[in-house]
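The block underneath contains the structure these notes are about, expressed in structure tokens.
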Amino acid sequence: KNEVLGLLVMAYGTPRSAEEILPYYTHIRRGRPPSQEQLDDLTRRYQAIGGVSPLAAITERQAYGLAEILNVDGGRKVRPYIGLKHTSPFIEDAVKAMNHDGIEEAVGIVLAPHYSTMSIGSYQKTALTASASLGGPKLWLIDSWHMHPLFLQVLANRVAEGLQKFSSNAEVTTIFSAHSLPEKILQIGDPYPDQLKESGEAVARMLQLKHYTFAWQSAGQTGEPWLGPDILDKLRELAKAGCRNVLSCSQGFVADHLEVLYDIDIEAKQLAAQLGIRLERTHQMNDDREFLKALAAVVRERENKGD
Ligand code: FEC
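This is the structure we're talking about:
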């Protein structure tokens, strides 16, 4: 038996150059190319954050950093494989490479904390379909890790650090947000909205936060209703209620990427300024060692659980 455990690290993926924006966007839209106007708008947002997103490099540092930690913890040795949802190396490529390398068992983790059929569920389906068609490896997939105590501790530390940006007597409202999804997920009892609440409430309890709320961000424009309230509407509502200080915690994401660097740092900050709100945000997890240690614990727990 192959003693090496495969470590399938799945993430969203990002275009690595301006030329890759069109195929990437087309893939996100399940093969339907965007209109010129939509493409121009997305290109403009990438330009506003420096041309390309740092996400590709961060995903690599997270995956290899995680493997490094696992390879010195005394447990089974791991070999990392990155599988991306919307650009190469695709999830299918990673499963194929594991199969080719003779990996028999692998733990699969998605670099997003909360489960939805439309997010983690779809990564998992792709991975399982690929391994079934190739005849291996056996995949031990992790559904969600938003309530792992080590992760909650890192998240709470981030919020505590964020709150310190404000003066000690300021009244600050923390907004916990995650990527919005089409409202139709509610009809199938999707756990996503409850999971967002669960981890946000846990952090609020740990820090004894007095003022906190929840919102959705980065909704797509597909014509159908998406989960709300949107974070921009939430800011308007808070401003009306007299709130002047807001800490944004995009707890649904674990890296600095377009949805944080543009949607929060540019778009939400601009609106906040117009509303007379000081908006700060928590640092993303990126390849912070404490965060990767939390993921390492999640991986080992799944490995130990087995089939
Ligand atoms: O930095 C980067 O380049 C990539 C940032 C990025 C992340 C991300 C995470 C999530 N998405 C989720 C769901 C959807 C759904 C649609 C959708 C559309 C886009 C578009 C871009 C994009 N997403 Fe994304 N997402 C990122 C980027 N996403 C760009 C297309 C243009 C736009 O709307 O801005 C709508 C698809 C459709 O049109 O039918 C649904 C979810 C996550 C969080 C979980 C995860 O990371 O997997 C859920 C990062």
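Using the UniProt record's numbering, the letters of the sequence shown correspond one by one to residues 3 to 309.
Think of the CB as a built atom: it goes at the ideal place given N, C-alpha and C, for glycine as much as any other residue.
With fewer than 16 other beta carbons inside 10 angstroms of its own, ALA172 counts as exposed. Within the segment 10-85, complete alpha helix (DSSP H) segments of at least 4 residues are found at 23-30, 38-50 and 57-72, given in chain order.
Contact between THR215 and ILE177 holds: their C-beta atoms lie close to 6 Å from each other, under 8 Å.
DSSP, read as helix, strand or coil, puts ARG246 in coil. In summary, LYS140 is exposed, with fewer than 16 beta-carbon neighbours lying within 10 Å of its beta-carbon over all protein chains present. As a beta-bridge residue in DSSP terms, GLN219 pairs with HIS181. Of the candidates ILE84, ASP75 and THR284, the residue whose Cα lies closest to the Cα of ILE60 is ILE84. With the rule of 3 Cβ pairs closer than 8 Å, the segment 27-42 does not count as touching the segment 62-80. Counted as a single uninterrupted DSSP element, the beta strand (DSSP E) harbouring GLY110 occupies residues 107-112. In this structure, the ligand FEC has no non-hydrogen atom nearer than 7 Å to the beta-carbon of GLU62.
Cα atoms of LEU229 and GLY222: separation of roughly 10 Å, rounded to the nearest angstrom. As DSSP reads the structure, PHE153 sits in no beta bridge. The closest heavy atom of the ligand FEC lies 7 Å or more from the beta carbon of GLY244. Residue environment for THR224: exposed (fewer than 16 other C-beta atoms within 10 angstroms of its C-beta).
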